[in-house]
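Novice:
Residue numbers (the working numbering), protein chains in the order written: chain A, 1025 to 1297; chain B, 1025 to 1297; chain C, 1025 to 1297.
1) Nearest by alpha-carbon distance to residue 1148 (chain A): which of A:1173, A:1163, A:1139 is it?
2) Rounded to whole angstroms, what's the CA-CA distance from residue 1069 (chain C) to residue 1215 (chain C)? Just pull it up for me.
3) Candidates B:1160, B:1230, B:1195: which alpha carbon is nearest residue 1145 (chain B)'s?
4) I want to see whether chain B comes within less than 8 Å of residue 1175 (chain A), judged by CB atoms only; does it?
5) Starting from the C-beta of residue 1203 (chain C), find all residues in its chain whose C-beta is less than 7 Å away, skip the five residues before and the five after it, and write them out in chain order.
6) Taking 8 Å as the threshold (beta carbon to beta carbon), is residue 1251 (chain A) in contact with chain B?
7) DSSP puts residue 1242 (chain A) in a beta bridge; with which residues?
8) According to the Cβ coordinates, are residue 1139 (chain A) and residue 1185 (chain A) closer than 8 Å?
9) Kindly indicate which three-state DSSP category residue 1105 (chain C) falls into: helix, strand or coil?
10) Start and end of the beta strand (DSSP E) containing residue 1121 (chain B)?
11) What in chain A is Cβ-close to residue 1121 (chain C), meaning under 9 Å?
12) If we define contact as Cβ-Cβ less than 8 Å, is residue 1289 (chain C) a contact residue for chain B?
13) Buried or exposed: which applies to residue 1303 (chain A), given that a residue is buried once 16 or more other Cβ atoms fall within 10 Å of its Cβ?
14) DSSP state of residue 1281 (chain C), grouped into three classes?
15) Taking Cβ-Cβ distances shorter than 7 Å, what residues in chain C pair up with residue 1234 (chain A)?
16) Reducing DSSP to helix, strand and coil, say where residue 1042 (chain A) ends up.
17) Quick one: which unbroken alpha helix (DSSP H) runs of 4-plus residues sit fully inside the stretch 1136-1222 of chain C? Chain order, please.
18) Counting pairs of beta carbons, one from the stretch 1287-1297 of chain A and one from the stretch 1242-1251 of chain A, are three or more of them closer than 8 Å?
19) Confirm, please, whether the CB-CB distance from residue 1269 (chain B) to residue 1223 (chain B) is below 8 Å.
20) If we define contact as Cβ-Cβ less than 8 Å, is residue 1040 (chain C) a contact residue for chain A?
21) Go ahead and label residue 1137 (chain C) buried or exposed: buried means 16 or more other beta carbons lie within 10 angstroms of its beta carbon, across all protein chains shown.
22) When burial is assigned at 16 or more other CB atoms within 10 Å of the CB, is residue 1179 (chain A) buried or exposed?
23) Which two residues bound the contiguous beta strand (DSSP E) that contains residue 1067 (chain A)?
24) Can you list, in chain order, the residues of its chain whose CB lies under 7 Å from that of residue 1039 (chain B), leaving out five sequence neighbours each side?
25) Compare the C-beta of residue 1046 (chain B) against all C-beta atoms of chain A and say whether one is closer than 8 Å.
26) Straight-line CA distance for residue 1066 (chain B) to residue 1059 (chain B)?
27) Roughly how far, in whole angstroms, is the beta-carbon of residue 1225 (chain B) from the beta-carbon of residue 1281 (chain B), given that I think they are within contact range, below 8 Å?
28) Please list the terminal residues of the continuous beta strand (DSSP E) segment that includes residue 1272 (chain B).
29) Please state whether DSSP places residue 1084 (chain A) in a helix, a strand or coil.
30) Among C:1273, C:1238, C:1114, whose alpha-carbon lies nearest the alpha-carbon of residue 1253 (chain C)?
31) Would the beta-carbon of residue 1142 (chain C) fall within 8 Å of that of residue 1189 (chain C)?
32) Would you mind working out which of B:1087, B:1081, B:1251, B:1048 sits nearest residue 1063 (chain B), comparing C-alpha positions?
33) Using a beta-carbon distance below 8 Å, is residue 1124 (chain B) in contact with chain C?
34) What is the DSSP secondary structure of residue 1286 (chain B), reduced to helix, strand or coil?
35) So what does DSSP say about residue 1037 (chain C), is it helix, strand or coil?
36) Give the straight-line distance between the Cα atoms of residue 1030 (chain A) and residue 1233 (chain A), rounded to the nearest whole angstrom.
Here it is as structure tokens:
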């Protein structure tokens, strides 16, 4: 099974699928192709929250603002999963989670326990489209010309990552940690990690801070704490523990980002009433 | 085969797919994840018009504004198909159609002929993501934590819906009927059920009213009746029998909603010239 | 394997998938359903650039502004691939590429070397949805009622296209050529073929004109020529050879269409510095 995640929109993912299907009969599953463009933080968050629900798979991830520069393409072995993508940090939080290490990376060495391999692009067989006599690969679409061929190769021979002729161990991949909230007895200083399609503000504040709390002060406003969106009337604001275990600032039948006037990256300060 | 329909946008459906793939090898087919948010009417309409083209399947449907409240999760057996989703009426028009009962529900008992089961959520095995030690399930994402596990279980053992340890018959599911048009000799009083991505206004008026008619008065304006969009010149309005058998108010190479100034839910009165 | 491409948005493609799955067990792959509406040029371009990466397949394509008129439905045999769609030219550039003829059609007879068959719609078995007693087929949704049944039939019995009871050879399909750039020693006169989701302006100018060039004059402005988006600073304009081998006018971490003030169809004149 190969999952596909990118910020490509359409129709570029379809070219990647063609390359994969030319090389493997594996099942392909689209995770998302509308990650915020070039946004490592949002992409790393969604990958960490979604991919662990999958059975062991090869995960092809292309959020790659540095395409065509000298950044590496990497393959990461994380537990029974393998991730393929650019060496810009986007793979590491989910890789750590898949390897059973939490994925927060805030307690010491981060990538140390992961097996990371650098892809030697010259060693990969470049895809040649039907009707074309040659193809050299592009400098702008490594999803099609580098990552998809690497993912197909890895999917077919996953037992021997160490033996792949076109890869070599990489000791220091680019690290990336999702920002952590600071929790004290008086207040919690966090931020909005992502805004989902419903407009819910997903913060980096652990949901445990809402235990036994019926009301909280969020950026100065008193907000009811609920079990579900429908705890409050339509159009009203609510703080709750979202489906990822983090505090969310939401609106029942409305958009939290509009109601709170916040977007991804903005500070969120929670205080007890 | 499991089909997936929701108003989730992205990437939440990918988490549901992971849960399904962890539990079953069945084919997964996305129907749509952009149903109008929380809109029972539009979702019920599209499900009724699309799912009957499928071979026997398990249909996972999550349009669920009441998630986290005490609304039930249900499983509905309809002919050779099984539907899984919230007990808010969204499943019933398509279930009736799949059971060979028309799907309009305007002639007597609606859900009576369907087998409806209530899901005992505590009896379901909660999904545990790789790298996580525990998962209790969420109050905001039953698509992942309740409906997907139920759909996977039903898909695997469809012969024995009555025997499932985690379900029990539900006598009175929440009913929902798509609104019916009133047809008399002088006029037809209907409404716009949905606006499709082309801007076509799909009404609840049966297409038979356009038989042998070359022109019709729609909300006071004379509109040509055509066989196809291209019956009229680009930019011009046309009334025709759409692909669901209902009267549509459309524009050739343009948007009917803009040209008619109408949206979903608005009244449509048709009169003969 | 059947690929699906259309300008349908959602959820109409799901009805086509139901019809296909009712008739075949083949793998279905979505290429794109958001081609610019009714846009033959953009659709023909994307199909030509994406489908050749696929292994031999049946390609169902529905970009069909003339649905319901007397335009034909056609099946095209191109190398090991088969294409099914409307006879409006959209299939021909990719068919020519798949047949190993380049896909530009600027050097003589275009469709001559392709096997094109006209679909006799009355000979196709019309899809009948579960719960419905009859279906006559629509005049507005041939994707579901004509092209999908034809694609499923072709997919099942691809060896015998000539023997299909519901098809007959078509000698003169509607031709369509993507516009060619005029290259002289002083200047290149081309145009923007499509704007991709990133805002990149993909022109019809062959990338070879940028060989050994570090700067170019595009519509009067001097623009650096780069190897990758990141050749220039974020927000700056760059000309490069895109992943299709054509000249693109792009912005690193920004939108080329906004920065250049150009959209699909606009003229692009390149001059050497």
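Just so you know, even glycine gets a beta-carbon here, dropped at the ideal spot from N, CA and C.
Specialist: So, from the listed chains and residues:
1) A:1173
2) 13 Å
3) B:1160
4) no
5) 1215, 1228
6) yes
7) A:1245, A:1294
8) yes
9) strand
10) Looking at the DSSP string, residue 1121 (chain B) is not in any beta strand (DSSP E); the run it does join, the alpha helix (DSSP H), is 1116-1122.
11) 1153, 1154, 1155, 1156
12) no
13) This structure cannot settle anything about residue 1303 (chain A), because the visible part of chain A is limited to 1025 through 1297.
14) helix
15) Within 7 Å Cβ-Cβ: nothing; residue 1234 (chain A) doesn't reach chain C, min ~36 Å.
16) helix
17) 1172-1180
18) yes
19) no
20) no
21) exposed
22) buried
23) Note, residue 1067 (chain A): premise wrong, no beta strand (DSSP E); alpha helix (DSSP H) at 1064-1074.
24) 1168
25) yes
26) 7 Å
27) 6 Å
28) 1270-1275
29) strand
30) C:1273
31) no
32) B:1087
33) yes
34) coil
35) helix
36) 33 Å
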